[in-house]
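J.: Chains as they are written, first to last, in UniProt numbering: chain V, 1 to 466; chain E, 1 to 466.
For each residue, glycine too, the CB sits at the ideal point set by N, CA and C.
Quick one: the structure is below, and I'll ask about it shortly.
Protein chains: 2
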Amino acid sequence: MDVLSLLCLLIGFSSNSCASDHAGGKSWEATVEEISGYAEEAQKIIDLAVYGDARNRSYEKLAKFTDTVGHRLSGSRNLEHAIEYMYNALTKDGLDNVHLEPVKIPHWVRGKESAVILRPRNHPLAILGLGSSVGTPREGIKAEVLVVKSFDELKQRASEAEGRIVVYNQPFVSYGETVKYRSSGAAEAAKVGAVASLIRSVTPFSINSPHTGWQDYEEGVPRIPTACITVEDAQLMARMAERGQKIVIHLTMGAQNLPDADSFNTVAEITGSKYPEQVVLISGHLDSWDVGQGAMDDGGGVAISWEALSLLKDLGLRPKRTVRAVLWSAEEPGGVGALQYYQRHKENISNINLVMESDLGTFRPRGIQFSGKAQAQKIMGEVMKLLKPINATKLEGSAEGTDIQMWMDGGVPGASLLNDNSKYFWFHHTHGDTITVQDPEEMSLCSAVWAVVSYVIADLEEMLPR
Amino acid sequence: MDVLSLLCLLIGFSSNSCASDHAGGKSWEATVEEISGYAEEAQKIIDLAVYGDARNRSYEKLAKFTDTVGHRLSGSRNLEHAIEYMYNALTKDGLDNVHLEPVKIPHWVRGKESAVILRPRNHPLAILGLGSSVGTPREGIKAEVLVVKSFDELKQRASEAEGRIVVYNQPFVSYGETVKYRSSGAAEAAKVGAVASLIRSVTPFSINSPHTGWQDYEEGVPRIPTACITVEDAQLMARMAERGQKIVIHLTMGAQNLPDADSFNTVAEITGSKYPEQVVLISGHLDSWDVGQGAMDDGGGVAISWEALSLLKDLGLRPKRTVRAVLWSAEEPGGVGALQYYQRHKENISNINLVMESDLGTFRPRGIQFSGKAQAQKIMGEVMKLLKPINATKLEGSAEGTDIQMWMDGGVPGASLLNDNSKYFWFHHTHGDTITVQDPEEMSLCSAVWAVVSYVIADLEEMLPR
Numbered sequence: 001m002d003v004l005s006l007l008c009l010l011i012g013f014s015s016n017s018c019a020s021d022h023a024g025g026k027s028w029e030a031t032v033e034e035i036s037g038y039a040e041e042a043q044k045i046i047d048l049a050v051y052g053d054a055r056n057r058s059y060e061k062l063a064k065f066t067d068t069v070g071h072r073l074s075g076s077r078n079l080e081h082a083i084e085y086m087y088n089a090l091t092k093d094g095l096d097n098v099h100l101e102p103v104k105i106p107h108w109v110r111g112k113e114s115a116v117i118l119r120p121r122n123h124p125l126a127i128l129g130l131g132s133s134v135g136t137p138r139e140g141i142k143a144e145v146l147v148v149k150s151f152d153e154l155k156q157r158a159s160e161a162e163g164r165i166v167v168y169n170q171p172f173v174s175y176g177e178t179v180k181y182r183s184s185g186a187a188e189a190a191k192v193g194a195v196a197s198l199i200r201s202v203t204p205f206s207i208n209s210p211h212t213g214w215q216d217y218e219e220g221v222p223r224i225p226t227a228c229i230t231v232e233d234a235q236l237m238a239r240m241a242e243r244g245q246k247i248v249i250h251l252t253m254g255a256q257n258l259p260d261a262d263s264f265n266t267v268a269e270i271t272g273s274k275y276p277e278q279v280v281l282i283s284g285h286l287d288s289w290d291v292g293q294g295a296m297d298d299g300g301g302v303a304i305s306w307e308a309l310s311l312l313k314d315l316g317l318r319p320k321r322t323v324r325a326v327l328w329s330a331e332e333p334g335g336v337g338a339l340q341y342y343q344r345h346k347e348n349i350s351n352i353n354l355v356m357e358s359d360l361g362t363f364r365p366r367g368i369q370f371s372g373k374a375q376a377q378k379i380m381g382e383v384m385k386l387l388k389p390i391n392a393t394k395l396e397g398s399a400e401g402t403d404i405q406m407w408m409d410g411g412v413p414g415a416s417l418l419n420d421n422s423k424y425f426w427f428h429h430t431h432g433d434t435i436t437v438q439d440p441e442e443m444s445l446c447s448a449v450w451a452v453v454s455y456v457i458a459d460l461e462e463m464l465p466r
Numbered sequence: 001m002d003v004l005s006l007l008c009l010l011i012g013f014s015s016n017s018c019a020s021d022h023a024g025g026k027s028w029e030a031t032v033e034e035i036s037g038y039a040e041e042a043q044k045i046i047d048l049a050v051y052g053d054a055r056n057r058s059y060e061k062l063a064k065f066t067d068t069v070g071h072r073l074s075g076s077r078n079l080e081h082a083i084e085y086m087y088n089a090l091t092k093d094g095l096d097n098v099h100l101e102p103v104k105i106p107h108w109v110r111g112k113e114s115a116v117i118l119r120p121r122n123h124p125l126a127i128l129g130l131g132s133s134v135g136t137p138r139e140g141i142k143a144e145v146l147v148v149k150s151f152d153e154l155k156q157r158a159s160e161a162e163g164r165i166v167v168y169n170q171p172f173v174s175y176g177e178t179v180k181y182r183s184s185g186a187a188e189a190a191k192v193g194a195v196a197s198l199i200r201s202v203t204p205f206s207i208n209s210p211h212t213g214w215q216d217y218e219e220g221v222p223r224i225p226t227a228c229i230t231v232e233d234a235q236l237m238a239r240m241a242e243r244g245q246k247i248v249i250h251l252t253m254g255a256q257n258l259p260d261a262d263s264f265n266t267v268a269e270i271t272g273s274k275y276p277e278q279v280v281l282i283s284g285h286l287d288s289w290d291v292g293q294g295a296m297d298d299g300g301g302v303a304i305s306w307e308a309l310s311l312l313k314d315l316g317l318r319p320k321r322t323v324r325a326v327l328w329s330a331e332e333p334g335g336v337g338a339l340q341y342y343q344r345h346k347e348n349i350s351n352i353n354l355v356m357e358s359d360l361g362t363f364r365p366r367g368i369q370f371s372g373k374a375q376a377q378k379i380m381g382e383v384m385k386l387l388k389p390i391n392a393t394k395l396e397g398s399a400e401g402t403d404i405q406m407w408m409d410g411g412v413p414g415a416s417l418l419n420d421n422s423k424y425f426w427f428h429h430t431h432g433d434t435i436t437v438q439d440p441e442e443m444s445l446c447s448a449v450w451a452v453v454s455y456v457i458a459d460l461e462e463m464l465p466r
């Protein structure tokens with residue numbers, strides 16, 4: 001999940017308190033009855049996913065995939081390998097309409113990178129360069145450090161920044177709030193004459209673990225190299241500076257921005273029996289950062305979207321409308337693959353019934369986050385009751401997902417997975433984002449939520465009101 | 001804290017339920033009254049440490065020390081620097097009898113080290129070589145992997161081990177139980193013909209964080225290189241092996257065992273007013289591993305022992321007996337400095353009233369762990385009541401501390417700090433053992449516990465019964 005995708009967490013769901021009757025004139029009682037009629041099929045999905053032959057299957061799919069492919073940075077050979085792997089696996093599963101849709105995606109490469117404090121004592125820093133950062137000259141940059149705790153402090157001390165490496169030791173408030181230092185730290189530092197910027201990793205918890213992520217330069221502002229350092233090292237330098245010690249760092253980064261690469265969004269379906277052109281879209285993104293395995297961000301979302309189709313297929317459940325899984329390419333650089341998908345398909349927006357993405361963890365599910373008008377919310381509330389057997393009935397606003405935002409902005413109802421993800425940002429964009437953080441049972445539960453919601457919405461007599 | 005120090009956690013305190021009268025014939029009621037008479041002085045210590053001028057002081061001492069010196073491996077220049085730093089700081093504080101006592105300590109150096117999975121796909125491993133490990137040949141060792149989850153499995157599959165790198169993927173049960181794989185993994189692997197061993201880090205939690213530590217070769221068994229890998233990578237290889245994949249690793253370690261180095265235990269006191277030759281010994285160890293800052297293991301124990309003396313001095317509290325802080329050298333290789341201290345001073349064992357060490361965290365204190373006869377335990381129970389104002393009154397058996405074990409084995413009562421250290425082994429012997437894991441307020445509370453217990457025991461009319 002990237003910075004853009006988090007911003008929507010800050011935008012509250014605007015509930016329409018003036019609920020109208022369900023579109024089509026059907027009485028609410030009839031709708032409630034229609035939805036409750038899915039109890040048996042929902043239970044079948046849950047039984048298969050959680051207790052039956054498919055128990056632990058989404059975890060096993062994910063483990064084999066990530067162990068085989070590894071991490072999958074936008075533009076990398078690994079991402080190509082991942083798409084090939086998924087295309088073959090979805091085809092082998094006998095899903096409908098498995099295909100690839102071409103997109104152009106950013107191609108940033110990390111190269112070799114290192115940083116070391118030379119003064120007041122020699123101390124190597126664990127760093128991770130940020131996506132889109134330029135590299136340093138081959139010999140690196142040696143410069144004195146200016147430690148600040150905020151953009152405000154940087155502005156107040158602008159006269160001290162010339163020729164320095166700015167180190168941000170911003171406190172962690174929340175990802176949505178604090179990520180601006182990672183996104184804009186380099187540009188803000190460059191504006192006051194800094195030669196590089198190092199940003200405290202955006203996390204509430206660290207074991208000397210640096211976090212990478214995308215960052216944005218500004219037009220007309222010099223592009224300086226930028227990387228994340230660990231919480232520990234940012235605090236170390238803040239204490240040294242507080243004691244009046246001069247800090248000197250040698251930073252070397254071999255990062256490069258290469259021409260955009262060819263890639264694909266990967267698509268598979270259970271094609272609808274009655275209105276195949278009408279679609280419930282479920283999704284996760286296939287690309288990841290180039291550290292760890294991208295098992296959590298967003299292998300989990302990919303795995304439960306794939307598994308939701310498999311569950312329906314295994315049970316012979318073909319809803320009236322199509323359930324389509326899209327595994328996005330290049331979410332991390334800012335929803336790049338998804339935007340091209342939107343542009344290609346937006347003329348059919350009236351046929352997109354619901355867009356779903358899981359990109360904030362596949363830990364123990366509690367329900368879904370939903371964005372849509374009041375009447376759609378009421379309907380979704382009834383659907384969630386079908387998940388009572390696994391205690392995942394919560395309906396909260398608002399849905400989150402960089403890759404589905406354009407559709408939601410266009411009025412399509414959206415849903416994302418609500419799960420116990422309090423540790424998500426401990427592992428996010430680190431070497432620690434591996435299958436080890438995932439739990440087989442929790443992933444089976446997530447798969448059940450994903451399958452029940454997408455199937456029932458796709459099979460209702462009518463599309464969700466918007 | 002090293003492996004030996006943990007073993008005693010497994011040996012329960014053998015309580016003597018047949019409590020005799022307090023030695024010296026004094027009535028129990030009189031003893032209780034004597035101890036409760038310290039309430040005012042205990043409160044003064046607490047007020048100074050937690051709310052007064054000394055608030056946060058042990059944390060600040062530790063932060064400045066670890067930021068300045070860094071980690072302090074046995075035999076390293078950093079440890080020499082640390083001893084010099086402490087000698088100067090204790091002297092400057094005006095403490096009594098500040099001096100250094102010479103010891104000979106192990107000198108193992110890590111050198112450059114790396115490991116990478118070559119097959120089934122290229123994947124670099126985060127590793128930390130283990131203390132006392134030999135290095136590899138300069139070109140490293142390339143070999144196929146045998147993954148096992150236990151010594152039993154290794155024995156069952158002994159015929160597969162020849163020429164392989166044994167990877168232990170043992171589950172974490174507890175540190176005391178699981179650390180045997182780190183201590184003996186190389187020797188056990190070598191017995192069945194392995195050329196190296198890689199051990200899953202001994203921790204319940206990881207962010208791709210390898211843990212180092214000491215390991216022991218066996219006489220007559222080939223000495224093969226050995227390192228810890230992360231939980232994530234151990235599990236990765238176990239899954240690959242389970243799938244029948246051949247795994248090949250290239251391991252390179254530049255580790256060397258050099259001749260023993262000269263070092264010192266660092267000593268400072270509040271000399272007793274009435275029986276200066278009788279001693280309550282408080283302690284932590286000054287050496288650490290060569291990663292992180294050794295702030296937790298065992299900077300915290302050092303800092304609160306130093307601070308306890310400072311608190312007594314600031315308050316003008318000079319007990320009847322001496323309170324002596326000893327900052328041990330070379331605990332991590334197995335209590336090496338402390339053993340030489342014991343041998344040098346054991347003839348005075350009858351004058352050692354109580355030995356205390358803090359080496360399992362200086363997080364929120366709950367009381368102390370205590371080893372001693374029933375009557376001593378009763379007395380200590382009364383002393384702990386003085387810590388009611390900070391809710392640290394618990395008395396649990398048994399005391400822990402590699403550096404004080406010899407004294408306890410000789411019959412001297414022993415105490416260690418009981419604190420909320422559930423995350424201790426998350427950071428233990430990793431790059432993440434930095435001052436970031438410490439909390440100023442919690443350290444102030446620990447300092448108060450340390451000062452109150454040592455002062456009161458040192459000032460009672462009589463020594464603790466043994």
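(1) Among E/Leu100, E/Ala63, E/Arg110, E/Tyr59, whose alpha-carbon lies nearest the alpha-carbon of E/Ser74?
(2) Under 8 angstroms, Cβ to Cβ, is there at least one residue of chain V near E/Gln235?
(3) From this set, V/Ser288, V/Ala190, V/Glu177, V/Glu113, which residue's C-alpha is nearest V/Asn78's C-alpha?
(4) Could you tell me if V/Gly12 is buried or exposed, where buried requires 16 or more neighbouring beta carbons within 10 angstroms of its beta carbon?
(5) Quick one: Cα of E/Asp433 to Cα of V/Val195, how far?
(6) Please confirm if V/Asn208 has its CB atom under 8 angstroms from at least one CB of chain E.
(7) Looking only at its chain, what residues have a beta carbon closer than 6 angstroms to the beta carbon of V/Asn257, apart from the 5 residues adjacent to it on each side?
(8) Any idea what DSSP makes of V/Val110, helix, strand or coil?
(9) Need the endpoints of the alpha helix (DSSP H) that V/Tyr175 sits in, please.
(10) Name the two residues that bound the continuous alpha helix (DSSP H) containing V/Asp459.
(11) In chain V, which residues lie with their C-beta within 7 angstroms of the C-beta of E/Thr212?
(12) Nearest CA to the CA of E/Thr66: which residue from E/Ala82, E/Tyr51, E/Ala54?
(13) So, is the C-beta of E/Ala241 closer than 8 angstroms to a C-beta in chain V?
(14) Can you tell me the Cα-Cα spacing of E/Asn208 and V/Ala376, whole angstroms?
(15) At a CB-CB cut-off below 9 angstroms, which residues of chain V make contact with E/Trp426?
(16) Among E/Leu95, E/Arg138, E/Ile105, E/Asn56, which residue has its Cα nearest to the Cα of E/Ser114?
(17) Can you give the Cα-Cα distance for E/Leu386 and E/Glu277, rounded to whole angstroms?
(18) Going by the CB atoms, is the gap between V/Glu357 and V/Asp403 shorter than 8 angstroms?
(19) Using the Cβ count rule (16 or more neighbours within 10 Å means buried), how would you classify E/Pro259?
(20) Does E/Thr252 come within less than 8 angstroms of chain V when only Cβ atoms are used?
(21) Would E/Asp53 pass as an interface residue toward chain V - the criterion being a Cβ-Cβ separation below 8 angstroms?
(22) Answer with buried or exposed for E/Gln369, where buried requires no fewer than 16 other C-beta atoms within 10 angstroms of its C-beta.
(23) Run down chain B in chain order and give the residues with a C-beta less than 9 angstroms from the C-beta of V/Glu232.
(24) Could you please give me the residues that DSSP links to E/Arg321 through a beta bridge?
(25) Let me know the secondary structure DSSP gives V/Tyr51 once reduced to three states.
(26) Please tell me whether E/Gly163 and E/Ala143 are closer than 8 angstroms, where the distance is taken between their beta carbons.
(27) On the premise that E/His429 lies in contact with residue 532 of chain E, defined as a C-beta separation below 8 angstroms, what is that separation, rounded to the nearest angstrom?
(28) Can you name the start and end residues of the alpha helix (DSSP H) that V/Gln156 belongs to?
(29) Relative to the alpha-carbon of E/Ser310, which residue among E/Gly337, E/Ala63, E/Asp96 has its alpha-carbon at the smallest distance?
(30) Verify whether the separation of the beta carbon atoms of E/Leu128 and E/Ala227 is less than 8 angstroms.
(31) Please report whether the beta-carbon of V/Ala126 lies at a distance below 8 angstroms from any beta-carbon of chain E.
(32) Taking 8 angstroms as the threshold (beta carbon to beta carbon), is V/Ala63 in contact with chain E?
(33) Going by the DSSP bridge assignment, what does V/Ala268 pair with across the sheet?
(34) Buried or exposed: which applies to V/Tyr181, given that a residue is buried once 16 or more other Cβ atoms fall within 10 Å of its Cβ?
T.: So, to answer that:
(1) Among E/Leu100, E/Ala63, E/Arg110, E/Tyr59, the Cα nearest to that of E/Ser74 belongs to E/Arg110.
(2) Taking 8 angstroms as the threshold, the shortest C-beta distance from E/Gln235 to chain V falls below it.
(3) Looking at the Cα atoms, V/Ser288 is the closest of the given residues.
(4) Reliability of the predicted coordinates at V/Gly12 is poor, the pLDDT of 37 falling under 50, and no value is obtained from them.
(5) Cα to Cα, the separation comes out at about 31 angstroms.
(6) Output row for V/Asn208: interface = yes.
(7) Excluding sequence neighbours, V/Asn257 sits near Trp108.
(8) According to the sequence as given, residue 110 of chain V is Arg; it is not Val. Assignment of V/Arg110 by DSSP, reduced to helix, strand and coil, places it in the coil class.
(9) In this chain, the alpha helix (DSSP H) harbouring V/Tyr175 covers 175–178.
(10) It spans 440–459 - the alpha helix (DSSP H) in which V/Asp459 sits, taken as one unbroken run.
(11) Residues of chain V passing the Cβ test: none, with the nearest at roughly 13 angstroms.
(12) Among E/Ala82, E/Tyr51, E/Ala54, the Cα nearest to that of E/Thr66 belongs to E/Ala82.
(13) Chain V has no Cβ within less than 8 angstroms of the Cβ of E/Ala241.
(14) Approximately 43 angstroms, taken between the alpha carbons.
(15) Chain V residues near E/Trp426: Ile207.
(16) It is E/Arg138 whose Cα lies nearest to the Cα of E/Ser114.
(17) So the two alpha carbons sit approximately 26 angstroms from each other.
(18) For the 8 angstroms CB-CB criterion, V/Asp403 and V/Glu357 form a contact.
(19) E/Pro259 comes out exposed.
(20) Interface residue (Cβ-Cβ distance to chain V less than 8 angstroms): E/Thr252 is not classified as such.
(21) E/Asp53 does not count as touching chain V.
(22) Around the beta-carbon of E/Gln369, 16 or more other beta-carbon atoms lie within 10 Å, marking it buried.
(23) No chain B is part of this structure, whose protein chains are labelled V and E.
(24) Beta-bridge annotation (DSSP): E/Arg321 is paired with E/Tyr275.
(25) Note: V/Tyr51 maps to helix in three-state DSSP.
(26) Yes, Cβ-Cβ distance for E/Gly163 and E/Ala143 is below 8 angstroms.
(27) Past the edges of chain E, shown from 1 to 466, lies residue 532 of chain E, and the structure says nothing about it.
(28) Start and end: 151–156.
(29) Out of E/Gly337, E/Ala63, E/Asp96, E/Asp96 has the C-alpha closest to the C-alpha of E/Ser310.
(30) Contact: yes.
(31) Residue-level contact by beta carbon holds for V/Ala126 and chain E, with a gap shorter than 8 angstroms.
(32) At least one chain E Cβ lies under 8 angstroms of V/Ala63.
(33) DSSP lists V/Ala325 as partners of V/Ala268.
(34) So V/Tyr181 counts as buried.
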